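Per my numbering, residue 82 is the first one in the sequence shown, and the count goes up by one each step.
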Amino acid sequence: MADLLDSMLDLLRRLPPTQIEENVSLLVNLVPTYADDLLGSIDQPLKARVDTATGREYLACDYNRDGESYRSPWSNEYDPPLDDGTAPSPKLRKLEITMNEAFDLYRDMYYEGGLSSVYLWDLDDGGFAGVVLLKKTVTPASVAGPKGSWDSIHVFEVAERGRQAHYKLTSTVMLQLVRRKEVGGDNGSGVAEGWKHDGETNLSGSMTRQMEMDYPLQEFTAHVPNAGRMVEDMEIKIRNLLQEVYFGKTRDIVFDLRSTEDLEHARRQRELQKELAGFIRRP
């Protein structure tokens with residue numbers, strides 16, 4: 082049966098990333114017994130929900146899900162209500178509140194908008210783990226405007242070793258950029274006919290990276306700056322990689338396929354290169 086799960090995961094890796102939610106839903110309907118395993122193995126775009134107790138939005142994912150309910154980091158309550166839902170210990174809950182406040186400031190500084198949520202849970206070996214979620218969505222101001230989304234999922238495990246702590250971080254960033262070109266027109270009487278679809282550019286995908294670090298731990302609240310430093314460094318690294326892969330490589334491919342210069346200019350450039358090469362070879 083494990084081969085079946087591997088086959089589903091392999092299939093999802095080959096399908097368009099923009100349709101990941103629809104495809105996961107189809108597979109869950111086909112093999113409902115693997116729903117939890119599949120949802121726990123596939124990162125999907127984060128969903129925003131509203132905490133009915135506080136009125137604040139939070140991000141929902143598999144890490145704050147219990148059955149069909151999701152736990153809010155603000156009130157620590159499940160929606161729909163769940164009497165025996167999983168929750169962090171009181172000590173860890175205090176740290177969770179502090180980390181949510183810290184990453185809310187981080188979100189405002191780096192994203193200038195969007196949403197953030199942090200969830201922590203106890204591990205059987207005495208340590209704990211958590212996830213930092215960040216999401217920013219850009220909606221088009223007009224029909225032809227660009228739209229996109231950035232979803233960050235940072236899962237970390239912590240093992241305390243006296244006055245030091247070992248952190249293992251696994252970060253996944255999902256990026257979607259859509260640029261649609263629309264042209265408008267009229268029917269000759271000055272009345273607009275509406276927008277016509279003229280073309281679309283869609284850059285979508287995900288990137289996952291891991292890192293491990295040891296940091297000093299003078300007190301329990303030191304986990305906040307330690308985890309924050311790792312997430313910050315990882316996001317900067319992934320952003321630079323995405324910029325190189327998505328934009329640099331795309332630009333190179335387009336220029337290889339179609340030159341922006343005319344043939345006459347290219348011919349003169351080649352002749353100039355040959356002439357310079359001749360001067361260099363002369364004794």
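Every residue, glycine too, gets a C-beta built ideally from N, C-alpha and C.
As the structure is a prediction and not an experimental result, all values here were calculated from the model.
Which value, in whole angstroms, describes the spacing of the CA atoms of residue i and residue j?
| i | j | result |
| --- | --- | --- |
| D295 | H247 | 5 Å |
| L85 | D118 | 11 Å |
| S197 | P113 | 30 Å |
| K216 | S230 | 7 Å |
| K242 | G211 | Position check: residue 242 holds Arg in this sequence, whereas Lys was assumed. Roughly 18 Å between the two C-alpha positions. |
| P154 | R310 | 21 Å |
| E345 | L214 | 53 Å |
| E158 | S252 | 26 Å |
| P161 | D147 | 10 Å |
| K228 | H235 | 24 Å |
| Y367 | Q257 | The requested residue 367 is not part of the displayed model; the chain covers only 82 to 364. |
| G275 | T99 | Low confidence applies to G275: its pLDDT is 45, below 50, so where it sits in the model is not reliable, and the reading given next is rough at best. If you take the alpha carbons of G275 and T99, they lie about 27 Å apart. |
| A141 | K128 | 5 Å |
| L96 | S88 | 13 Å |
| Q354 | D337 | 20 Å |
From which residue to which residue does the beta strand (DSSP E) around residue i run?
| i | result |
| --- | --- |
| T218 | 209-219 |
| I123 | First-last for I123: undefined, no H or E at that position. |
| G229 | 228-242 |
| Y191 | Run containing Y191: none in the beta strand (DSSP E); it sits in the alpha helix (DSSP H), 171-191. |
| D203 | 196-203 |
So residue i and residue j are supposed to be a Cβ contact under 8 Å. How far apart are they, rounded?
| i | j | result |
| --- | --- | --- |
| G208 | A240 | 5 Å |
Applying the 10 Å Cβ sphere with the 16-neighbour rule, what's the burial state of residue i?
| i | result |
| --- | --- |
| R244 | exposed |
| N321 | exposed |
| I334 | exposed |
| L111 | exposed |
| I375 | Here the chain covers residues 82 to 364 and nothing more, so residue 375 does not appear. |
| M190 | exposed |
| D232 | buried |
| R188 | buried |
| V105 | buried |
| G121 | exposed |
| A347 | exposed |
| L186 | exposed |
| G136 | exposed |
Just checking residue i against the ligand NAD - is the residue's beta carbon closer than 8 Å to any of the ligand's heavy atoms?
| i | result |
| --- | --- |
| P227 | Absence of the ligand NAD from the depicted structure is noted, as is the absence of any ligand whatsoever, leaving it without description. |
For the alpha helix (DSSP H) containing residue i, name the first residue and the last one.
| i | result |
| --- | --- |
| V131 | First-last for V131: 128-131, but that is the beta strand (DSSP E), not the alpha helix (DSSP H). |
| L107 | 101-111 |
| A141 | A141 -> not in any alpha helix (DSSP H); beta strand (DSSP E) instead, spanning 138-141. |
The region 303-311 touching the region 176-192, judged by at least three CB pairs closer than 8 Å:
yes
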